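Chains as they are written, first to last, in my numbering: chain X, 1 to 192; chain A, 1 to 192.
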DNA sequence: CAGGGTTGGCTAACGCCATTAGCTTTTAGC
DNA sequence: GCTAAAAGCTAATGGCGTTAGCCAACCCTG
């Protein structure tokens, strides 16, 4: 019998896909093993524990999201950049609700934790959106938290099916992006 | 031997408290039973299953949050109301992260589901914040979703310890409330 | 205040899950 | 080809949710 040829990355990727399909809570070692054509205990040759697996998925998410944001923000600034970042985050979360769910509630061990680094890179991309708005440097962290809270909240609620009247969700999204764009424009240094 | 004198409400309340203390994931039937001075299977005399328990906690949250919002919004309008609603939601979620966590991912069965009704009442309170801003009725749903996404996102991230530099979180919160207030003020019917 | 039905507790047991131990087989390098 | 590491396996443990079935405490009627 030939081997399955697994490695930590393959296991992580399969787990992420399974999470998106059946929900993070249903990603059991047995189900994951079955999908990989292997028995559950064999997975422990590649990952330490389920907590370790979640951590690896979260790292994957941070990398994927960071890549997607950098890609989307290339050559854009101001309102274009804002809309692109918002759409990128929304699309990613709605498309990958299971893997995204791993990113809430994880203990970052230290500043050299790969997860902390990848997360910081995501935040850096969001911060890049703010450049063209020329926000007062002292307010930058607040504006960044606004974007993060809003995008995270909107996409999370949408992914959970929390909005009624599905057809209007796109309109709400556009309206909110416009709302933030106008608000940030008012806060340019020159306007105070 | 005397009886413990439990009922569904007492079990739900104890579970909500335990969730806040140890995290929703650690609310096991055994731990909950122990806190109530009872053995795990006895809990099934009061609740149907763990899913049923989560549902009951979520309903409790919707009622508590609705009550708190109505209380806080009494006699306030405009910016005051916005700030009060934001603070109420934030305080509640940060103080009760475990029980609040039950409100994500729950299937509402129909429009007469008590959970749907209680949830709608929470949204009604948020909608009351918008009255004084005299938003164009067609935009009301979008503004409501803005508030909901933002408050939910901010408090969720804060409760999960997602913001660095803890001391500045209060400042960010105030800044964001101010940002939304100004943005909504611009959208009064008269201003378009 | 007697007794019978209902209610709320208990123990025992099942199946599923994560995880560990220890064995066997494949595979890569010399 | 030989050997050692890596990667799979089966078996077993302990914890969890849940069900079945038993017994004691309570309420309520007479």
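Every residue gets a Cβ at the ideal spot worked out from N, C-alpha and C, and that includes glycine. Please read these numbers as outputs of a predicted model, since none were measured by experiment.
- Counting the other CB atoms within 10 Å of its CB gives residue 125(A) a total of 16 or more, which places it among the buried residues.
- Chain A has no Cβ within less than 9 Å of the Cβ of residue 93(X).
- No Cβ of chain X is located within less than 9 Å of the beta carbon of residue 113(A).
- With fewer than 16 other Cβ atoms inside 10 Å of its own Cβ, residue 166(A) counts as exposed.
- Residue 104(X) sits in coil when the DSSP states are folded into three classes, being neither helix nor strand.
- Close to residue 139(X), with beta-carbon spacing below 8 Å, are these residues of chain A in chain order: 175.
- Within the same chain, Cβ atoms closer than 8 Å to the Cβ of residue 57(X) are found at 12, 15, 16, 19, 99 and 102, the five residues on either side in sequence being excluded.
- Looking at the DSSP output, residue 135(A) shares a beta bridge with 188(A).
- Shown here, residue 20(X) sits in a helix according to DSSP, grouped into three states.
- Exclusion of the five residues before and after residue 129(A) leaves 81, 82 and 85 as the residues of its chain whose Cβ lies within less than 6 Å of its Cβ.
- Residue-level contact by beta carbon holds for residue 172(A) and chain X, with a gap shorter than 9 Å.
- Cβ neighbours of residue 21(A) within its own chain (closer than 8 Å, five residues either side excluded): 98.
- Annotation: the continuous alpha helix (DSSP H) that includes residue 94(X) extends over 78-95.
- DSSP, read as helix, strand or coil, puts residue 36(X) in coil.
- Here the alpha carbon of residue 184(X) sits roughly 26 Å from the alpha carbon of residue 161(A).
- Residue 183(A) reaches chain X at 179, 180, 182, 183 and 186, counting residues in chain order whose Cβ is nearer than 9 Å.
- Residues of chain A whose Cβ lies closer than 9 Å to the Cβ of residue 134(X) do not exist; the shortest such Cβ separation is about 16 Å.
- For the pair of segments examined, the stretch 140-156 of chain X was found to touch the stretch 171-178 of chain A: the number of CB pairs separated by less than 8 Å reaches three.
- By the rule that beta-carbons nearer than 9 Å mark a contact, residue 160(X) touches chain A.
- What residue 168(X) touches in chain A, judged by beta-carbon distance under 7 Å, is 141, going in chain order.
- For residue 149(A), the closest Cβ of chain X is nearer than 9 Å.
- Remark: C-beta atoms of residue 88(X) and residue 116(X) do not approach each other more closely than 9 Å.
- Scanning its chain for C-beta atoms nearer than 6 Å, with the 5 sequence neighbours on each side dropped, one finds around residue 159(X) the residues 93, 94 and 97, in chain order.
- In this structure, residue 66(X) keeps its C-beta atom at 9 Å or more from the C-beta atom of residue 127(X).
- Burial is judged here by how many other beta carbons sit within 10 angstroms of a residue's own beta carbon; residue 181(A) has at least 16 and is buried.
- When C-alpha distances from residue 62(A) are compared across 147(A), 123(A) and 179(A), the shortest belongs to 123(A).
- For residue 114(X), the enclosing alpha helix (DSSP H) covers residues 114-130.
- In the structure shown, the three-state DSSP call for residue 50(A) is helix.
- At least 9 Å separates the CB of residue 59(A) from every CB of chain X.
- Taking 9 Å as the CB threshold, residue 104(X) lines the interface with chain A.
- Approximately 18 Å separates the beta-carbon atoms of residue 148(X) and residue 104(A); this is outside 8 Å, ruling out the contact.
- In this structure, residue 150(X) keeps its C-beta atom at 9 Å or more from the C-beta atom of residue 131(X).
- Relative to residue 54(A), the option among 112(A), 73(A) and 9(A) whose CA is nearest is 9(A).
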